[in-house]
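The C-terminal position of the sequence shown is numbered 330 in numbering that gives the first Met the number 0, with every residue numbered one higher than the one before it.
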Amino acid sequence: MTMVNSSAPTRTRDIAAALTLWLPFVAVVVTWLLWINRLPGALPRQWGRDGAVSSTMPTWGMAVVAVVVSLGAAILATYWLRERGAPNRRQVYLGLGLAAGLSSCLWLTTAGITVAAGAAEPKMGAWILLTFAACGYGLLPFLIAQKWVAPATVPELPETTAETTTADPAATWTAVVTSPVMAAIGGLIVLGGAIGIVAQLRDDELASAAAASVMAAAIVVLILLVTLLFVQVRVSVDQRGLRVVSRLLGIRLKQVPLDQVESAFADTVSPLHSGGWGYRLTGGRSAVVMRNGPALVVNLRRGNQFAVTVDHPQAAAALLNALSAANPMAH
């Protein structure tokens, strides 16, 4: 018997992903209203090799393009919340995020440097790097939205005890859990890092700015990698025990062999009570906290406890108890 339990499309996550695609539109409209009296009739469109503006575009034209593209992406994202759009929703959001991020960032950087320059000629300089970074904006809704998995029938397991249970050694249970909070943190790290690096590159002392930018980039990448560990994890129960693996990086976060399992049960875990999101250590308890809600909790034979937040943990706990009871090494 093979049992597969994958998280069904979660409405809250999908709505949160769609809302992130409204942010570029809101940013364009708000800045347009704030800067409308400070902007000239035309904005730079291209710069020459000497850094001087080589061509311009009517301000209203650039604003309209940014509004139309970002608004169109936001409307399509909302439309794609339909149930029939679930299989391709994440890929669609990735493409819409690219369009919305690029169009809004072109407006924000061009209009922003023009307002900042005042009467002087605006210079794009290293700010162009921020525009390229904005092309990755679609990763934010892509990671937040729930991955669609073809519906599968999950057999109900009876309540088990160490004395009475038998289990099929080939039985497995798998679930994929996404953390919108960690995805949002990852997006903010990329955005903040890009802004910080661009700011460093605008320093007059090019050598020191380049060195500082390299160091800042290394720190951002390191923090981002740690964050990506917990954006999405795969939790599985089989004859090898319980395993929690980072789905994006393929790194094993936790493994509990069957001979270390004393008992397993379903409970509720809160990030506020566990000390936050990610891998948490509190007293004799460790946990992988992806979000607030149901969790699989395992009592270990050495007296410790491990928990991982996951949808529908009851079947996982029942199978883990059954496999542990049938394992000769556990007695």
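Using N, Cα and C, we set each Cβ at its ideal position, and we do this for glycine too.
I'd like to know whether the C-beta atoms of residue i and residue j end up nearer to each other than 9 Å.
i: residue 273; j: residue 286; result: yes
i: residue 236; j: residue 299; result: no
i: residue 104; j: residue 77; result: no
i: residue 296; j: residue 324; result: no
i: residue 243; j: residue 259; result: no
i: residue 225; j: residue 246; result: no
i: residue 42; j: residue 55; result: yes
i: residue 51; j: residue 120; result: yes
DSSP beta-bridge partners for residue i?
i: residue 262; result: 298
i: residue 172; result: 236
i: residue 56; result: 42
i: residue 242; result: 235, 254
i: residue 268; result: 292
i: residue 177; result: 231
From the DSSP output, in three-state form, read off residue i for me.
i: residue 256; result: coil
i: residue 11; result: helix
i: residue 284; result: strand
i: residue 156; result: Because residue 156 sits at a pLDDT of 46, beneath the cut-off of 50, its placement in the model cannot be relied upon, and the point is left open.
i: residue 289; result: coil
i: residue 307; result: strand
i: residue 37; result: coil
i: residue 81; result: coil
i: residue 277; result: strand
i: residue 321; result: helix
i: residue 332; result: Because residue 332 is not part of the residues shown, which for the chain are 0 to 330, the question remains open.
i: residue 139; result: helix
i: residue 145; result: coil
i: residue 393; result: Because the chain spans 0 through 330 in this model, residue 393 falls outside it and cannot be assessed.
i: residue 71; result: helix
i: residue 316; result: helix
i: residue 106; result: helix
i: residue 247; result: coil
i: residue 19; result: helix
i: residue 132; result: helix
Look at the alpha carbon of residue i and the alpha carbon of residue j, and state the distance between them as a whole number of angstroms.
i: residue 86; j: residue 302; result: 43 Å
i: residue 17; j: residue 112; result: 29 Å
i: residue 74; j: residue 96; result: 12 Å
i: residue 220; j: residue 321; result: 42 Å
i: residue 203; j: residue 117; result: With a pLDDT of only 44 at residue 203, under the threshold of 50, the placement of this residue in the model should not be trusted, and no figure is reported.
i: residue 162; j: residue 271; result: Confidence is the limiting factor: at residue 162 the pLDDT is only 40, short of 50, which leaves the residue's position unreliable and the question unanswerable from this model.
i: residue 34; j: residue 136; result: 24 Å
i: residue 309; j: residue 241; result: 13 Å
i: residue 252; j: residue 282; result: 19 Å
i: residue 36; j: residue 62; result: 14 Å
i: residue 58; j: residue 31; result: 10 Å
i: residue 156; j: residue 138; result: Bear in mind that a pLDDT of 46 at residue 156, under 50, signals an unreliable position, so the model cannot answer this.
i: residue 92; j: residue 68; result: 14 Å
i: residue 170; j: residue 305; result: 22 Å
i: residue 1; j: residue 172; result: Confidence is the limiting factor: at residue 1 the pLDDT is only 39, short of 50, which leaves the residue's position unreliable, though a coordinate-based value still follows. For residue 1 and residue 172, the distance between alpha carbons rounds to 7 Å.
i: residue 222; j: residue 229; result: 12 Å
i: residue 142; j: residue 12; result: 10 Å
i: residue 128; j: residue 110; result: 16 Å
i: residue 40; j: residue 60; result: 10 Å
i: residue 291; j: residue 38; result: 46 Å
i: residue 84; j: residue 122; result: 43 Å
i: residue 133; j: residue 90; result: 17 Å
Return the Cβ separation of residue i and residue j in integer angstroms, given the expectation that the two are a contact with Cβ distance under 8 Å.
i: residue 28; j: residue 66; result: 7 Å
i: residue 72; j: residue 99; result: 4 Å
i: residue 140; j: residue 227; result: Not confirmed; about 16 Å, so no contact.
i: residue 316; j: residue 179; result: Not really, about 25 Å apart at Cβ, beyond 8 Å.
i: residue 334; j: residue 277; result: Here the chain covers residues 0 to 330 and nothing more, so residue 334 does not appear.
i: residue 88; j: residue 144; result: 6 Å
i: residue 234; j: residue 288; result: Incorrect: roughly 13 Å between the Cβ atoms, too far for contact.
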